[in-house]
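Q:
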Amino acid sequence: MSIEVSALERFAPGRRKPLLSKVSLDVPDSAFVALVGPSGAGKTTLLRAIAGLDPYQGGTVSLDGQVMKDVSARAGQVGFVFQNYALFPHMTAARNIAFGLDILPAARRPTRERINERVRELLELMQIPDLGGAYPARLSGGQRQRVALARALATGPRVLLLDEPFGALDPIVRRSIRSWLRDLHDRLGLTTILVTHDQEEALDVADRIVVMQDGQIVQDASPVALDRSPATEFVMEFLGEAVSFPGDVRSGRMVPHDPLVQPFAVPETVVDGSAVAMIRPYEIQLVPAQPGQEALLKAAPRGARNGYRHYVLNSAGHSIPFFLPQDGVDHALEGAALDVSRARLFRDGLACL
Amino acid sequence: MKQFFLALLRSNRALPGYRLSLITTLLWAGLLIVLPLSTLLVRPWQDGVAAMLTALRDGRMFAALWTSFSCAATAAACNLPFGLMLAWALVRGQLPGRHVANALIDLPLALPTAVSGITLATLYSPNGWLGAPLSRLGILVSYNRLGIVVALMFVGLPFMVRAIEPVLRDLPHELEEAAQLLGAKPWQVFTRVIVAPLLPALVTGFGLAFARGIGEYGSVIFIAGNQPFRSEIAPLLIVVRLQEFDYAGATAIALILLVASLLVLLLVGMMRKRLALWSERA
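This is how it looks when you write it as structure tokens:
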């Protein structure tokens, strides 16, 4: 089921700054989209608006081309998993899952046996077949989350909205449930929107990332495109550790202010003027000193992680981290200059293309 | 029991001052609670079993007990919806002046009961501000059982609100949203997602308000009219019997009141526990 959000606007009562300012978003059928951004960026606000849980002052939300008015219009079509799971505490896991079916008017409600069978199916799907009789107070965080997901899926919605669903889980459970969720999405043919503040999680699970800041969408792209050409300095920094080198673009070459950083060629479309080169630590190269040249840069090792050896070097008063593929040697490195030719260029916070 | 006393005698406890504090607590509870209550159990039989049996065959006493229990139950039951609404408004409503309302709710607890009794009697008397229009409609509040119920509702409301409020505050607002998104109609949200998890709290509130209603004296006697067999409450009858120097009669009523209240509170406690099975953690 496709989701179209157009020019959505929401104001907090008594404040002039909008929570959402003219947000438009197109999510095609069976896409997995992650909404990321710092806290207060409006991710959850947008998700709740899509679900119809909060009123909005302008714009529309449509599902499969149909404009949705209020929550009741979306009831049963949209599965929502809350950050605190919002399980009904006085019902067993099975009754929680069955809730959406139990409350249907008698004419449309499946028989008791059908409902119980559906609950069994969902418990099976969530890999918690024995927990149907347990009350939420007795379940662990991961189990509660699976029950909440099963409850959201019981009525067979085509859209799944997840608000920071992994927030309260420990890292190991988090990682396993993440890939399992992606698998579930593919198997059930859902259209999923996931809100998270963890960019790594988003890159891992979603096929499209929507970065939000101050109630606006800053960039909406695939993980690869986002990494290759971030639209703003903020996106570049938000997606991972980044080092910036201010400098000037002069006749097709970027000349960093730091003399130990080598100038590099930039596309001809970039006009002259000051700019900032931003680069990931693993893209920085240390240029070895030529014979007779003095090695001015000394990099100290800082251990190894994820196949990269981490180094820190000091240049012009600030420290620059950089990573090299792990090669088994753990000693200080020396070099004459830094090669940052793989950096992206930004001017006034925006990418220069 | 044996182990308990052994523990009392042993001194190698991790908790410093464990024995001292345990003895103090037991002594305190014994003097203030157990001693008076056990006196109440023993005293009725001191004038002989025959006197007690005669006292127990008193129609007026049973009428008074019935008035007390039925009015207290009715008042507590009426307080259920009002208490729930008030607690709801306090927790979820962003109403202006809710802090003042919050303070006002506890006022019946602080007010001398005689003051609230006289106030209610004045308001509801046939020529009072509320009594006059009501009596024109044919509803007589004061000087009959309805008056007793009104007075008991007044004193019982804080117990109901204070029992519900914290539990309601702990229920996340998202429960209602989740139910709505799953397709629940507003009344289904109310009954299945709000009232159902509040049931233990509602039972507790009912039990507290009911227990208070049985023992209430000051606020009731001014509005009740106190006609024997009709609107006479058991606590008042105890005072009447004492003034007649009929100690056997007075203690007989007290004994029944004590046992009945204890049974009701036990029942409420058991019901609460049953209803709150789900809240037990692993």
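Quick mapping for you: the protein sequence lines, in order, are chains D and E. If you use my numbering, the first sequence corresponds to residues 1 to 353, in order. If you use my numbering, the second sequence corresponds to residues 354 to 635, in order. Don't be surprised by glycine CBs; every beta carbon is placed ideally from N, CA and C. As the structure is a computational prediction, the values presented were derived from the model and not from experiment.
Let me check understanding here. Comparing Cα to Cα, which of E:D523, E:R565, E:T377 and E:N455 lies closest to A504 (chain E)?
A: With distances taken between Cα atoms, A504 (chain E) lies closest to E:R565.
Q: Out of curiosity, what's the CA-to-CA distance linking R250 (chain D) and T232 (chain D)?
A: Rounded to whole angstroms, R250 (chain D) to T232 (chain D) spans 22 Å at the Cα level.
Q: Closer than 8 Å, Cβ to Cβ, to anything on chain D: give me those residues from the region 544–562 of chain E, in chain order.
A: Answer in chain order: R545, V546, A549, P550 and L552.
Q: Using the three-state DSSP reduction, which class does M212 (chain D) fall into: helix, strand or coil?
A: Looking at M212 (chain D) - three-state DSSP - the assignment turns out to be strand.
Q: Within a Cβ cutoff of 7 Å, which residues of the same chain sit near A154 (chain D), ignoring the five residues on either side of it in sequence?
A: Contacts found: I97, A98, G100, L101, R118 and L122.
Q: Measure the beta-carbon distance from G42 (chain D) to L20 (chain D) and round it to whole angstroms, keeping in mind my assumption that it falls under 8 Å.
A: So it is a contact: roughly 5 Å between Cβ atoms.
Q: If you measure between the beta carbons of Y600 (chain E) and D459 (chain E), is that distance less than 9 Å?
A: Not in contact: Y600 (chain E) and D459 (chain E) (Cβ atoms no closer than 9 Å).
Q: Considering Cα atoms alone, identify which of E:R515, E:V387, E:R522 and E:G446 is closest to P461 (chain E).
A: Here the closest residue by C-alpha is E:R515.
Q: According to a CB-to-CB cut-off of less than 7 Å, which residues of the region 82–96 of chain D neighbour chain E?
A: Answer set for the region 82–96 of chain D: F82, N84, A86, F88, P89 and H90.
Q: Give me the DSSP bridge partner(s) of Y308 (chain D).
A: D:R305 and D:P325.
Q: Please say whether G568 (chain E) and A467 (chain E) have beta carbons closer to each other than 9 Å?
A: The answer is no: Cβ separation not under 9 Å.
Q: Since G536 (chain E) meets chain D, which of its residues come closer than 8 Å, beta carbon to beta carbon?
A: Going along chain D in sequence order, the residues near G536 (chain E) (Cβ under 8 Å) are S72, A75, G76, G100, I103, L104 and T155.
Q: Can the beta-carbon of A34 (chain D) be found closer than 9 Å to that of A202 (chain D)?
A: In this structure, A202 (chain D) lies closer than 9 Å to A34 (chain D) by Cβ.
Q: If we define contact as Cβ-Cβ less than 9 Å, is R151 (chain D) a contact residue for chain E?
A: Cβ-Cβ to chain E under 9 Å: yes for R151 (chain D).
Q: Taking 9 Å as the cut-off, decide whether the C-beta atoms of L529 (chain E) and V444 (chain E) are in contact.
A: According to the sequence displayed, residue 529 (chain E) carries Glu and not Leu. No, Cβ-Cβ distance for E529 (chain E) and V444 (chain E) is not below 9 Å.
Q: Output, in chain order, the set of chain D residues within a Cβ distance shorter than 9 Å of S632 (chain E).
A: Near S632 (chain E) (Cβ distances below 9 Å), the residues of chain D are P89, H90, Y135 and A137.
Q: Taking the straight line between their C-alpha atoms, what separation do you get for D130 (chain D) and F563 (chain E)?
A: Straight-line Cα distance between these residues: approximately 42 Å.
Q: On the three-state DSSP scale, how would you describe F82 (chain D)?
A: It is coil, neither helix nor strand.
Q: So which of E:L589, E:A554 and E:R594 has the shortest CA-CA distance to V621 (chain E)?
A: Nearest of E:L589, E:A554 and E:R594 to V621 (chain E), Cα basis: E:A554.
Q: If we ignore side chains and look at the alpha-carbon of each, how far apart do S140 (chain D) and D214 (chain D) end up?
A: About 34 Å.
Q: Answer yes or no: does any C-beta atom of chain E fall closer than 9 Å to that of A51 (chain D)?
A: Judged by the 9 Å Cβ criterion, A51 (chain D) is in contact with chain E.
Q: Please report the residue range of the beta strand (DSSP E) in which P230 (chain D) lies.
A: Run containing P230 (chain D): none; DSSP gives neither H nor E here.
Q: Return the chain-ordered list of same chain residues with a C-beta closer than 6 Å to the C-beta of L160 (chain D), the five sequence neighbours on each side being excluded.
A: Hits under 6 Å: G79, L190 and T192.
Q: My understanding is that G354 (chain D) touches P256 (chain D), with C-beta atoms under 8 Å, so please give their C-beta distance in whole angstroms.
A: Chain D is shown from 1 up to 353; residue 354 (chain D) falls before or after that span and cannot be answered.
Q: Report the residue from D:A304, D:R158 and D:A336 whose alpha carbon sits nearest the alpha carbon of N314 (chain D).
A: Checked all of D:A304, D:R158 and D:A336; the closest Cα to N314 (chain D) is D:A336.
Q: Alpha carbon to alpha carbon, how far is S341 (chain D) from F446 (chain E)? Give it in angstroms, no decimals.
A: Residue identity check: residue 446 (chain E) is Gly in the sequence provided, not Phe. Roughly 59 Å separates the two Cα atoms.
Q: Could you have a look at V27 (chain D) and say whether DSSP puts it in helix, strand or coil?
A: If DSSP states are grouped into helix, strand and coil, V27 (chain D) belongs with the strands.
Q: Do R344 (chain D) and M236 (chain D) have their C-beta atoms within less than 9 Å of each other?
A: It is a contact, given that the beta carbons lie within the stated cut-off.
Q: Given a threshold of 16 other Cβ atoms within 10 Å of its Cβ, counted over all protein chains shown, does S636 (chain E) qualify as buried or as exposed?
A: Past the boundaries of the shown model lies residue 636 (chain E); chain E is included only from 354 to 635, so the question cannot be answered.
Q: Please identify the residue among E:L499, E:L534 and E:L493 whose C-alpha is closest to the C-alpha of M68 (chain D).
A: Among E:L499, E:L534 and E:L493, the Cα nearest to that of M68 (chain D) belongs to E:L534.
Q: Mind the definition here: the region 490–508 of chain E touches the region 71–90 of chain D only if three or more C-beta pairs lie below 8 Å; say whether that holds.
A: In short, these stretches do not touch, since the Cβ pair count stays below three.
Q: Using a threshold of 8 Å, is the CB atom of G37 (chain D) nearer than that to any non-hydrogen atom of the ligand NAP?
A: Looking for the ligand NAP in the displayed structure turns up nothing, as the structure carries no ligands at all.
Q: Put D248 (chain D) into one of helix, strand or coil per three-state DSSP.
A: The answer is strand: DSSP assigns D248 (chain D) an E or B state.
Q: Need the endpoints of the beta strand (DSSP E) that E518 (chain E) sits in, please.
A: Element bounds for E518 (chain E): not the beta strand (DSSP E) but the alpha helix (DSSP H), R498 to D523.
Q: Between the beta-carbon of L630 (chain E) and the beta-carbon of L552 (chain E), is there less than 9 Å?
A: Result no, Cβ atoms of L630 (chain E) and L552 (chain E) do not sit closer than 9 Å.
Q: In three-state DSSP terms, what is L400 (chain E)?
A: According to the sequence as given, residue 400 (chain E) is Asp; it is not Leu. Helix, per DSSP.
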